[in-house]
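Structure first, commentary second.
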Amino acid sequence: MSTLHVLSHSPFTDNRLDSCLRLCGGQDAILLCGDATYALQAGSSAYKAMRAKAVEIFVLIEDSQARGLQVPDWANSVDYPAFVQLSIKHDKVNTWL
């Protein structure tokens, strides 16, 4: 059973991303949106933690662009229609509020 984990809070203000990465299984995926896209800052602990985890990472392109962040080649940029498709593809969607 796969889960799409949706994160929208900055990884530098709490430990949601770390907790999410610990819980993610091999079929799961993470979608970064809102301030969670700050995890893409190269060299940060959040960036390194995502690279080390064997889980698919998606980034809402509108949010990364609004913050002037580059999406690395190991992450997938998606728009809102693709976000909907990811939600349908996975068995569950877990939003980390």
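Count along the sequence shown from 1, add 1189, and you get the number used in this note's numbering.
For every residue, glycine included, the Cβ atom is placed at its ideal position computed from N, Cα and C.
Could you pull the start and end residues of the alpha helix (DSSP H) that Phe1272 belongs to? As a working note, residue 1272 is residue 83 in the sequence shown. Residues Tyr1269 to Lys1278.
Cβ distance (whole Å) where Ile1246 is taken to contact Ile1219 below 8 Å: Your numbering for residue 1246 matches position 57 in the sequence shown. Your numbering for residue 1219 matches position 30 in the sequence shown. Beta-carbon to beta-carbon, Ile1246 and Ile1219 are separated by about 5 Å, close enough to satisfy the 8 Å threshold.
Assuming Ser1199 contacts Ala1225 (C-beta within less than 8 Å), just tell me the rounded distance between them. Looking up residue 1199 in the sequence shown gives position 10. Looking up residue 1225 in the sequence shown gives position 36. Contact flag correct, Cβ pair sits at about 7 Å.
Going by DSSP in three states, Ala1241 sits in which element: helix, strand or coil? For the purposes of this step, residue 1241 is identified with residue 52 of the sequence shown, where counting begins at 1. Helix at Ala1241.
When burial is assigned at 16 or more other CB atoms within 10 Å of the CB, is Gly1190 buried or exposed? Counting from one through the sequence shown, the residue named residue 1190 turns up at place 1. The amino acid at residue 1190 is misidentified as Gly; the sequence shows Met. Met1190 should be labelled exposed.
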